[in-house]
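Below is one structure, written out as C-alpha coordinates; comments come after it.
Numbering (the working numbering), first residue to last: 7 to 188.
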(Lines of atoms letter the chains of each structure in order from A; the text may use other names.)
(Lines give C-alpha, C1' and ligand atoms only; values in the text may rest on other atoms or scores of the structure.)
Protein backbone atom coordinates (compact mmCIF):
# COMPACT_ATOMS: atom_id res chain seq x y z
CA UNK A 7 0.00 0.00 0.00
CA UNK A 8 1.23 3.46 -0.84
CA UNK A 9 -0.56 6.67 -0.02
CA UNK A 10 0.51 10.26 0.50
CA UNK A 11 -0.65 12.21 3.51
CA UNK A 12 -0.75 15.36 1.40
CA UNK A 13 -3.62 13.78 -0.57
CA UNK A 14 -5.59 13.36 2.66
CA UNK A 15 -4.85 16.55 4.58
CA UNK A 16 -3.17 19.80 3.67
CA UNK A 17 -2.24 22.99 5.48
CA UNK A 18 -4.42 26.02 4.92
CA UNK A 19 -3.21 29.64 4.96
CA UNK A 20 -3.46 29.76 8.78
CA UNK A 21 -1.26 26.68 9.29
CA UNK A 22 -4.14 24.39 10.28
CA UNK A 23 -4.89 21.11 8.58
CA UNK A 24 -7.82 20.80 6.21
CA UNK A 25 -8.96 17.22 5.90
CA UNK A 26 -10.07 15.90 2.51
CA UNK A 27 -13.88 15.70 2.36
CA UNK A 28 -13.65 11.92 1.91
CA UNK A 29 -12.24 11.60 5.46
CA UNK A 30 -13.89 12.04 8.83
CA UNK A 31 -10.84 12.05 11.09
CA UNK A 32 -7.07 12.02 11.24
CA UNK A 33 -4.87 11.50 14.28
CA UNK A 34 -1.13 12.03 14.23
CA UNK A 35 1.04 11.01 17.16
CA UNK A 36 4.76 11.29 17.80
CA UNK A 37 6.72 10.21 20.87
CA UNK A 38 9.05 13.14 20.48
CA UNK A 39 12.71 12.58 21.20
CA UNK A 40 12.59 9.10 22.72
CA UNK A 41 14.53 5.91 22.17
CA UNK A 42 11.92 4.37 19.92
CA UNK A 43 11.15 7.57 17.95
CA UNK A 44 7.68 6.21 17.31
CA UNK A 45 5.39 8.11 14.95
CA UNK A 46 1.96 7.00 13.72
CA UNK A 47 -0.75 8.66 11.66
CA UNK A 48 -4.32 7.37 11.28
CA UNK A 49 -6.58 8.50 8.45
CA UNK A 50 -10.21 7.35 8.66
CA UNK A 51 -12.45 7.85 5.65
CA UNK A 52 -16.22 8.26 5.41
CA UNK A 53 -16.62 4.47 5.09
CA UNK A 54 -14.59 3.99 8.29
CA UNK A 55 -11.71 2.39 6.46
CA UNK A 56 -8.40 3.35 8.00
CA UNK A 57 -5.00 4.02 6.48
CA UNK A 58 -2.08 4.01 8.89
CA UNK A 59 1.44 5.33 8.38
CA UNK A 60 3.93 4.35 11.08
CA UNK A 61 7.63 4.47 11.75
CA UNK A 62 9.92 3.59 14.64
CA UNK A 63 13.48 2.52 15.32
CA UNK A 64 14.70 -0.93 16.21
CA UNK A 65 17.64 -0.23 18.52
CA UNK A 66 20.81 -2.08 19.44
CA UNK A 67 21.03 -4.41 16.48
CA UNK A 68 24.36 -6.19 16.39
CA UNK A 69 26.61 -6.50 13.37
CA UNK A 70 29.03 -9.36 12.93
CA UNK A 71 31.85 -7.25 14.35
CA UNK A 72 29.73 -6.73 17.51
CA UNK A 73 28.97 -3.05 16.87
CA UNK A 74 25.49 -1.69 17.59
CA UNK A 75 23.29 0.14 15.14
CA UNK A 76 19.67 1.27 14.81
CA UNK A 77 17.28 0.40 12.02
CA UNK A 78 14.36 2.60 10.98
CA UNK A 79 11.15 0.68 10.31
CA UNK A 80 8.48 2.31 8.13
CA UNK A 81 5.17 0.80 7.16
CA UNK A 82 1.86 1.82 5.61
CA UNK A 83 -1.11 -0.43 6.30
CA UNK A 84 -4.88 -0.54 6.04
CA UNK A 85 -6.84 -1.64 9.06
CA UNK A 86 -10.30 -2.10 10.47
CA UNK A 87 -10.93 0.38 13.24
CA UNK A 88 -11.95 -0.87 16.67
CA UNK A 89 -15.71 -0.64 17.16
CA UNK A 90 -15.24 1.61 20.22
CA UNK A 91 -13.43 4.17 18.07
CA UNK A 92 -16.00 3.95 15.28
CA UNK A 93 -18.86 4.50 17.74
CA UNK A 94 -17.14 7.50 19.32
CA UNK A 95 -16.42 9.09 15.93
CA UNK A 96 -20.04 8.60 14.86
CA UNK A 97 -21.22 10.19 18.12
CA UNK A 98 -18.88 13.16 17.62
CA UNK A 99 -19.83 13.85 14.02
CA UNK A 100 -23.52 13.48 14.85
CA UNK A 101 -23.38 16.27 17.42
CA UNK A 102 -25.16 19.41 16.29
CA UNK A 103 -22.18 21.53 17.28
CA UNK A 104 -18.59 20.52 18.01
CA UNK A 105 -17.26 22.44 21.03
CA UNK A 106 -13.56 21.63 21.27
CA UNK A 107 -10.56 23.80 22.09
CA UNK A 108 -7.70 24.23 19.67
CA UNK A 109 -5.21 22.95 22.27
CA UNK A 110 -5.56 20.96 25.46
CA UNK A 111 -2.44 21.24 27.59
CA UNK A 112 -1.19 22.40 30.96
CA UNK A 113 2.38 22.93 29.80
CA UNK A 114 4.70 22.56 26.84
CA UNK A 115 8.12 20.99 26.57
CA UNK A 116 10.31 20.92 23.47
CA UNK A 117 10.87 17.49 21.89
CA UNK A 118 8.09 15.87 23.92
CA UNK A 119 5.18 13.89 22.55
CA UNK A 120 2.93 15.56 20.01
CA UNK A 121 -0.69 14.68 19.25
CA UNK A 122 -3.00 16.25 16.72
CA UNK A 123 -6.55 15.42 15.66
CA UNK A 124 -8.46 16.77 12.69
CA UNK A 125 -12.18 16.08 12.70
CA UNK A 126 -14.44 16.87 9.75
CA UNK A 127 -17.74 18.09 11.14
CA UNK A 128 -20.40 20.00 9.20
CA UNK A 129 -18.01 20.57 6.28
CA UNK A 130 -15.34 22.12 8.52
CA UNK A 131 -12.01 20.66 9.64
CA UNK A 132 -11.60 21.10 13.41
CA UNK A 133 -7.97 20.98 14.55
CA UNK A 134 -7.33 19.84 18.12
CA UNK A 135 -3.89 19.46 19.69
CA UNK A 136 -3.03 17.64 22.89
CA UNK A 137 -0.04 18.63 24.98
CA UNK A 138 1.26 17.74 28.42
CA UNK A 139 -1.24 17.44 31.25
CA UNK A 140 -0.26 17.95 34.87
CA UNK A 141 -3.68 16.94 36.15
CA UNK A 142 -6.61 14.91 34.86
CA UNK A 143 -8.72 16.75 32.31
CA UNK A 144 -12.35 17.36 33.21
CA UNK A 145 -14.57 17.63 30.11
CA UNK A 146 -16.71 20.76 30.05
CA UNK A 147 -19.29 19.58 27.51
CA UNK A 148 -20.48 16.52 25.56
CA UNK A 149 -18.03 17.20 22.71
CA UNK A 150 -15.08 17.13 25.09
CA UNK A 151 -16.41 14.08 26.91
CA UNK A 152 -16.61 12.10 23.65
CA UNK A 153 -13.31 13.50 22.40
CA UNK A 154 -11.34 12.44 25.49
CA UNK A 155 -12.90 8.98 25.38
CA UNK A 156 -11.81 8.81 21.72
CA UNK A 157 -8.30 9.93 22.68
CA UNK A 158 -8.06 7.17 25.29
CA UNK A 159 -9.12 4.55 22.74
CA UNK A 160 -6.57 5.83 20.21
CA UNK A 161 -3.83 5.65 22.86
CA UNK A 162 -4.58 1.96 23.37
CA UNK A 163 -4.82 1.22 19.65
CA UNK A 164 -1.57 2.96 18.69
CA UNK A 165 0.35 1.07 21.36
CA UNK A 166 -1.18 -2.24 20.24
CA UNK A 167 -0.07 -1.52 16.66
CA UNK A 168 3.42 -0.53 17.80
CA UNK A 169 3.82 -3.71 19.86
CA UNK A 170 2.58 -5.86 17.00
CA UNK A 171 4.98 -4.47 14.40
CA UNK A 172 7.89 -4.10 16.83
CA UNK A 173 7.56 -7.73 17.92
CA UNK A 174 7.21 -8.98 14.32
CA UNK A 175 10.29 -7.05 13.23
CA UNK A 176 12.26 -8.04 16.34
CA UNK A 177 11.31 -11.70 15.94
CA UNK A 178 12.19 -11.68 12.23
CA UNK A 179 15.48 -9.92 12.97
CA UNK A 180 16.56 -12.51 15.53
CA UNK A 181 15.48 -15.49 13.38
CA UNK A 182 16.88 -14.10 10.14
CA UNK A 183 13.47 -14.02 8.43
CA UNK A 184 13.12 -11.20 5.94
CA UNK A 185 9.88 -9.19 6.01
CA UNK A 186 9.27 -6.51 3.45
CA UNK A 187 8.72 -3.16 5.08
CA UNK A 188 8.50 0.08 3.14
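Each residue gets a CB set at the ideal place from its N, CA and C atoms; glycine is no exception.
DSSP links residue 134 through a beta bridge to 123. For the 7 Å CB-CB criterion, residue 122 and residue 137 do not form a contact.
Collapsing the DSSP output to three states places residue 20 in coil.
Taken atom to atom, the span from the alpha-carbon of residue 101 to that of residue 93 is near 13 Å. If you check the CB distance, residue 79 and residue 98 do not come in under 7 Å. Taking residue 161 as reference, the option from 104, 112 and 119 with the minimal CA-CA separation is 119. The count of Cβ pairs closer than 8 Å, one atom from the stretch 139-148 and one from the stretch 29-44, stays below three, leaving the stretches out of contact. Look at residue 166 here: in three-state DSSP terms it is helix.
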